[in-house]
Structure formats: structure tokens, C-alpha cells
Amino acid sequence: MDLLKLANDFHTGKLTLSAEEKSHLLDLLRIKGAEELEYGQEVEHEKVRLVRRVTGAVSIFFEKEAEPSAKKKAKE
653 MDLLKLANDF
663 HTGKLTLSAE
673 EKSHLLDLLR
683 IKGAEELEYG
693 QEVEHEKVRL
703 VRRVTGAVSI
713 FFEKEAEPSA
723 KKKAKE
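If you count the sequence shown from 1, position 50 lands on 702 in the working numbering, and the numbers rise without skipping.
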């Protein structure tokens, strides 16, 4: 799906979109997911995952960047 590649490029900062373009992209992803995926099926492209749940709802997940591990506080 080319839409997943666009969403991934936006998420990773390779592509810049306005708020309206971002909203339109997410709407298109949800529509395509509802039309092309079977219930319970998911597709993934690098850091973006599109899931059609068994209820029929379509969810879009963006992988978080790894956060640095928390430093342990020194005991006083």
C-alpha cells in the first residue's frame, strides 16, 4: 500500500504534511483498510501498522521511537 509508505515517511520526518493533508491521509488509510483488509487482518510498513479489527473498526498504529532508558535514582 503506497498510503502506508506515505504515512511512514511522514512519521519518520522524510515528508512534511499540513494538518489538513495529514487528516486526509489518515482518512484514506481508514477507508482503504476497511475496503481491502479482512476482519482481523493487518498490514505493516516499517513503523506504521494498519489493522482491521474483528469488530470492523480500522486502527492505525505508529511505532514510537525508542526512548532512552531511565536512569536509576541514587539512594541518599
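The beta-carbon is built from N, C-alpha and C at its ideal position, and this holds for glycine as well. On a predicted model such as this, the values are computed, not experimentally measured, just so you know.
Helix, strand or coil at residue i [DSSP, three-state]
i	result
E688	helix
E728	Because E728 sits at a pLDDT of 46, beneath the cut-off of 50, its placement in the model cannot be relied upon, and the following sentence gives the value as read from the coordinates. Here E728 sits in coil by DSSP.
E672	helix
Own chain partners of residue i with C-beta closer than 8 Å, once the 5 adjacent residues on each side are dropped
i	result
E694	R701, L702, V703 and R704
E728	Its pLDDT being 46, under 50, E728 is placed unreliably by the model, and the measurement read from it follows with that caveat. Here the set comprises nothing.
Sequence-distant residues of its chain with Cβ nearer than 6 Å to residue i (five each side left out)
i	result
D661	L667
Nearest to residue i (by Cα), restricted to the options the options
i	options	result
L689	V706, D654, K699 and H676	V706
L655	K716, S670, V710 and L677	L677
E696	S675, S711 and E687	S711
N- and C-terminal bounds of the alpha helix (DSSP H) containing residue i
i	result
L658	D654 to T664
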